[in-house]
Amino acid sequence: DQQVKQNSPSLSVQEGRISILNCDYTNSMFDYFLWYKKYPAEGPTFLISISSIKDKNEDGRFTVFLNKSAKHLSLHIVPSQPGDSAVYFCAATFYSGAGSYQLTFGKGTKLSVIP
Amino acid sequence: NAGVTQTPKFRILKIGQSMTLQCTQDMNHNYMYWYRQDPGMGLKLIYYSVGAGITDKGEVPNGYNVSRSTTEDFPLRLELAAPSQTSVYFCASSGGFEAFFGQGTRLTVV
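Protein sequences appear in the order of chains A and B. The opening position of the first sequence corresponds to residue 379 in the working numbering, with each subsequent residue numbered one higher. The opening position of the second sequence corresponds to residue 92 in the working numbering, with each subsequent residue numbered one higher.
Dropping the structure here:
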């Protein structure tokens, strides 16, 4: 049972255009969402996050939108640059007391930005 | 800035062998995690720890063991390696929602 779903395994975008990566979740207890970026042979690195009390969070070229009623979030990258080419993981979490902040990950979307 | 350090980076094991994947963090984080990533899949939680002396199972704990004797270290032990354990293993630590990951250990069991 996949609680966090990224239905697009890959996405290709021209340099300078907008990249939109999508993520859906099923667990209503999730109250914090994160995007991680991963280059080959490296560990995931934190990119941007959003709390469930917000519907938008912006950091430079990266914006995350959250639609709680649809259980959907998206990551917008504007403008896209070749260095953005990586695998992007959507993750969700909630504080479960003794269980700490367990991150549940999607399968990832491989973004290719074409020069 | 060291952050989360994993060793080794690569390892080939024969079926039935055992090994320990090392993980250490210098951020004084209470929470530490072990994930595995199989090809084309997301990261799946193996074990986690909320502090020294406290560990618990994640989604895919079978075939693994962990210990947490100090805040800094969280080793992952494979006792009887099986081909199904061929994967990339990531250790992470967090002080809250955001987790910081190591570079990963690529393990092949043949």
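Every residue, glycine too, gets a C-beta built ideally from N, C-alpha and C.
- Let me know the secondary structure DSSP gives A:S427 once reduced to three states. The sequence position of residue 427 of chain A within the first sequence is 49, counting from 1. Strand, per DSSP.
Please state whether the Cβ-Cβ distance between B:Y139 and B:Y122 is less than 8 Å.
Residue numbering aside, residue 139 of chain B sits at position 48 when the second sequence is read from its first letter. Residue numbering aside, residue 122 of chain B sits at position 31 when the second sequence is read from its first letter. Contact: yes.
request  = Measure from the C-beta of A:P460 to each C-beta in chain B and report whether the shortest distance is under 8 Å.
outcome  = Taking the first residue of the first sequence as position 1, residue 460 of chain A is located at position 82. Cβ-Cβ to chain B under 8 Å: no for A:P460.
> Helix, strand or coil: how does DSSP classify A:G461 here?
Replying inline: As a first step, residue 461 of chain A must be located in the first sequence, where it is residue number 83. Here A:G461 sits in helix by DSSP.
- By the criterion of Cβ-Cβ separation under 7 Å, what are the contact partners of A:E420 in chain B? Here residue 420 of chain A refers to the residue found at position 42 when the first sequence is read from its first residue. Listed along chain B are Q194, each with a C-beta nearer than 7 Å to that of A:E420.
Using 8 Å as the threshold, is the stretch 444-462 of chain A in touch with the stretch 385-397 of chain A, meaning 3 or more CB pairs across them?
-> Touching, yes.
* By how many angstroms is the C-alpha of B:M110 removed from the C-alpha of B:V179? -> Locating residue 179 of chain B in the second sequence gives position 88, where the first residue counts as 1. Locating residue 110 of chain B in the second sequence gives position 19, where the first residue counts as 1. Answer to the nearest angstrom: the Cα atoms are 14 Å apart.
>> According to DSSP, B:M110 sits in a beta bridge with which residue or residues?
In response: Stepping through the second sequence from its first residue, residue 110 of chain B is reached at position 19. According to DSSP, which records beta bridges pairwise, B:M110 is partnered with B:L169.
Practice item. Just mark A:F408 as buried or exposed, buried being the case when its beta carbon has 16 or more other beta carbons within 10 Å. Key: As a working mapping, residue 408 of chain A is identified with position 30 in the first sequence. Burial call: buried.
Cross-chain neighbours of B:G131 in chain A, by beta carbon under 9 Å:
Reading the second sequence from its first residue, position 40 is the one you call residue 131 of chain B. Ordered by position in chain A, the residues that pass the 9 Å Cβ test against B:G131 are P387, K485, G486.
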